[in-house]
Ligand SMILES: Nc1ncnc2c1ncn2[C@@H]1O[C@H](COP(=O)(O)OP(=O)(O)OP(=O)(O)O)[C@@H](O)[C@H]1O
Ligand SMILES: [Mg+2]
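Structure follows, in structure tokens:
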């Protein structure tokens with residue numbers, strides 16, 4: 033699936049601060065079968081961009097086309113995996129994973145046979161009949177990956193899917209995801225603010241700047257797969273990207289301080305202790 | 021259990037101190053006798069059956085209409101902005117205040133009381149169903165959309181099951197309110213039922229009968245809640261992962 037993002041801009045209105053430009057003229061192309069990582073500081077609009085590609089949100093200007101067709105609504109051809117697993121708490125793992133197929137009116141027998149393969153693939157075979165609240169965070173996330181994969185989408189949109197997991201589980205799932213990708217060659221758009229993860233997974237890493245977000249630089253990663261943790265090529269790249277990323281993170285910090293300053297001039301965020309001391 | 025024994029002991033003690041004359045404040049023993057008498061001559065049984073019939077009819081109608089209207093309010097803005105605010109207004113009126121109107125509309129019979137029960141339970145069902153629909157986590161709706169679910173499927177397979185815990189809590193609350201509405205209605209305007217037997221006791225100056233009926237009312241209320249509604253609510257909340265063991 034080829035995705036073209038053309039001149040996409042997005043503003044959000046907020047009652048207190050007014051309009052803020054989140055995305056500023058974003059342009060890039062995701063090729064069929066490519067594993068693309070989007071890296072950027074917190075709050076720069078990564079999730080917003082992913083939602084726009086998914087069809088869950090819409091740009092103010094510009095457009096996203098999928099295989100030449102403009103995106104108008106969400107579709108089962110591009111399934112989103114959210115940061116929180118977003119499983120349905122009243123359904124078992126099995127029922128959760130077959131949800132998408134049920135929406136497609138696929139018969140129960142066919143559903144069951146397909147679903148079990150994917151549940152085994154994410155190593156949840158012993159938990160088919162467990163409810164989400166009986167699973168650990170990593171298991172939930174694996175179930176939600178199975179739920180997306182079973183629909184056999186052409187593209188996976190992943191929004192910091194491993195963000196809330198511990199380092200071990202995270203590494204394990206990263207390895208599993210690479211395996212899945214090399215087996216199925218789906219197009220993957222992977223959002224993260226973890227540099228190591230982006231370099232370890234992506235064919236390409238797009239670096240998005242602090243607000244207003246625009247694509248600051250692109251890194252092509254040729255290292256062979258499966259990629260190993262301490263690969264010197266990757267570490268070299270990581271350092272290179274880090275310099276660029278650090279600038280953006282500093283900008284974010286500055287933006288926050290500026291905001292406080294403006295607010296305190298209006299007397300809204302005036303530090304309390306100043307008033308406490310003034311009458312002594 | 022210990023608590024009940026203590027309660028009865030205090031009751032006996034107050035009786036022994038003669039704060040009130042015996043006919044106004046009967047002893048636990050004489051009330052027990054009155055209870056046994058009442059069940060032997062079938063007065064209480066007939067009253068219980070009459071009351072339960074009314075509450076079941078009123079409650080079931082309230083359940084069906086309440087869930088339906090609640091779903092509509094939760095789903096469609098137009099209904100919410102019109103009927104929704106009207107219903108919140110209605111809720112401010114204690115349902116027993118409708119009795120005079122109900123008597124005029126339905127006459128002095130079962131229907132008037134059933135109407136009071138229906139109002140007591142129905143409004144709560146509407147409000148808790150509506151709250152359930154509005155409280156569906158947006159992330160679940162977005163997850164369903166991205167898996168290609170259309171509006172109808174989202175409503176049936178996400179919104180409806182996601183609001184079940186809220187609906188079930190509403191059912192429990194609605195039953196308690198229906199029970200109150202029922203007894204109040206029967207006290208004031210009925211010639212059968214537990215409320216009426218209680219009022220008859222008062223009119224004949226038989227406090228043993230009054231207290232007997234009060235005990236029956238409390239027991240039925242406690243039993244239905246404890247054996248049925250509380251269990252159902254807990255099971256649902258556990259299955260939905262809302263309760264930690
Ligand atoms: N519905 C909304 N209304 C107003 N502002 C919003 C809305 N959604 C997002 N924003 C703002 O848009 C900006 C970008 O949000 P977004 O969720 O895309 O960030 P992100 O890059 O995914 O950050 P993170 O890495 O922390 O998840 C934030 O500053 C946020 O405050
Ligand atoms: Mg985000």
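Residue numbers (the working numbering), protein chains in the order written: chain A, 33 to 312; chain B, 21 to 265. Note that the Cβ used here is the ideal one computed from N, Cα and C, for glycine as well.
Using only CA atoms, which one of the options lies nearest to residue i?
| i | options | result |
| --- | --- | --- |
| residue 79(A) | 218(A), 227(A), 147(A) and 115(A) | 115(A) |
| residue 103(B) | 223(B), 236(B), 88(B) and 168(B) | 88(B) |
| residue 176(A) | 259(A), 71(A), 37(A) and 124(A) | 124(A) |
| residue 55(B) | 253(B), 72(B), 261(B) and 234(B) | 234(B) |
| residue 138(A) | 117(B), 168(B) and 121(B) | 168(B) |
| residue 52(A) | 244(A), 35(A), 104(A) and 93(A) | 244(A) |
| residue 298(B) | 28(B), 60(B) and 43(B) | Since the first residue shown for chain B is 21 and the last is 265, residue 298(B) is missing from the structure and cannot be characterised. |
| residue 204(B) | 252(B), 119(B) and 258(B) | 119(B) |
| residue 112(B) | 79(B), 147(B) and 135(B) | 147(B) |
| residue 151(B) | 121(B), 182(B), 161(B) and 162(B) | 182(B) |
| residue 141(B) | 23(B), 107(B) and 209(B) | 107(B) |
| residue 153(B) | 92(B), 263(B) and 173(B) | 92(B) |
| residue 198(B) | 170(B), 114(B) and 34(B) | 114(B) |
| residue 38(A) | 73(A), 91(A), 69(A) and 76(A) | 91(A) |
| residue 112(A) | 122(A), 185(A), 72(A) and 69(A) | 185(A) |
| residue 284(B) | 130(B), 95(B) and 139(B) | Since the first and last residues shown for chain B are 21 and 265, residue 284(B) lies out of range. |
| residue 65(B) | 236(B), 241(B) and 21(B) | 236(B) |
| residue 63(B) | 254(B), 229(B) and 206(B) | 229(B) |
| residue 213(A) | 250(A), 199(A) and 259(A) | 259(A) |
| residue 283(A) | 242(A), 252(A), 262(A) and 36(A) | 242(A) |
Of all the CB atoms in chain A, is at least one closer than 9 angstroms to the CB of residue i?
| i | result |
| --- | --- |
| residue 261(B) | yes |
| residue 184(B) | yes |
| residue 179(B) | no |
| residue 173(B) | yes |
Give me the Cβ distance between residue i and residue j, rounded to the nearest whole Å; I'm assuming they're in contact under 8 angstroms.
| i | j | result |
| --- | --- | --- |
| residue 83(A) | residue 33(A) | At roughly 17 angstroms, the Cβ-Cβ gap does not stay under 8 angstroms, so residue 83(A) and residue 33(A) are not in contact. |
| residue 231(B) | residue 46(B) | 7 angstroms |
| residue 180(A) | residue 154(A) | Not really, about 10 angstroms apart at Cβ, beyond 8 angstroms. |
| residue 134(B) | residue 192(B) | 20 angstroms between Cβ atoms; not a contact. |
| residue 163(A) | residue 129(A) | Wrong, their Cβ atoms sit about 13 angstroms apart, outside the cutoff. |
| residue 71(B) | residue 247(B) | Not quite, the Cβ-Cβ distance comes to about 18 angstroms (not below 8 angstroms), so this is no contact. |
| residue 185(B) | residue 262(B) | 6 angstroms |
| residue 93(A) | residue 168(A) | Actually they are not in contact, since the Cβ atoms of residue 93(A) and residue 168(A) sit about 43 angstroms apart, beyond 8 angstroms. |
| residue 68(B) | residue 243(B) | Going by Cβ atoms, the distance from residue 68(B) to residue 243(B) rounds to 12 angstroms, so no, they are not a contact pair. |
| residue 247(A) | residue 59(A) | 7 angstroms |
| residue 133(A) | residue 182(A) | 7 angstroms |
| residue 116(B) | residue 144(B) | About 15 angstroms separates the two Cβ atoms, so there is no contact after all. |
Measure from the C-beta of residue i to each C-beta in chain B and report whether the shortest distance is under 9 angstroms.
| i | result |
| --- | --- |
| residue 87(A) | yes |
| residue 67(A) | no |
| residue 73(A) | no |
| residue 136(A) | yes |
| residue 305(A) | In this predicted model, residue 305(A) has a pLDDT of only 45, less than 50, meaning its place in the structure is not dependable; the value taken from the coordinates is given anyway. No, residue 305(A) lies away from the interface with chain B (no Cβ there is under 9 angstroms from its Cβ). |
| residue 143(A) | no |
| residue 174(A) | no |
| residue 181(A) | no |
| residue 123(A) | yes |
Taking C-beta pairs closer than 7 angstroms, name the residues in chain B that residue i reaches, listed in chain order.
| i | result |
| --- | --- |
| residue 132(A) | 167 and 168 |
| residue 116(A) | 159 |
Starting from the beta carbon of residue i, find every residue of chain B whose beta carbon is closer than 9 angstroms, and list them in chain order.
| i | result |
| --- | --- |
| residue 120(A) | 160, 163, 164, 177, 178, 181 and 182 |
| residue 221(A) | Correct list: empty, because the minimum Cβ distance to chain B is about 13 angstroms. |
Anything in chain B within Cβ reach of residue i, meaning under 8 angstroms, just list it in chain order.
| i | result |
| --- | --- |
| residue 127(A) | Simply none; closest approach about 10 angstroms. |
Residues of chain C with CB closer than 7 angstroms to the CB of residue i, please, in chain order.
| i | result |
| --- | --- |
| residue 187(A) | No chain C appears in the structure shown, which is made up of the protein chains A and B. |
When Cβ atoms are compared, which residues of the stretch 158-169 of chain B fall closer than 8 angstroms to chain A? 159, 160, 162, 163, 164, 165, 166, 167, 168 and 169
With 9 angstroms as the limit, tell me which residues of the stretch 94-111 of chain A have their beta carbon closer than that to any beta carbon of chain B; keep them in chain order. 105, 106, 107, 108, 109, 110 and 111
Using a Cβ-Cβ cut-off of less than 9 angstroms, list which residues of the stretch 145-171 of chain A approach chain B; keep chain order. 163, 164, 165 and 166
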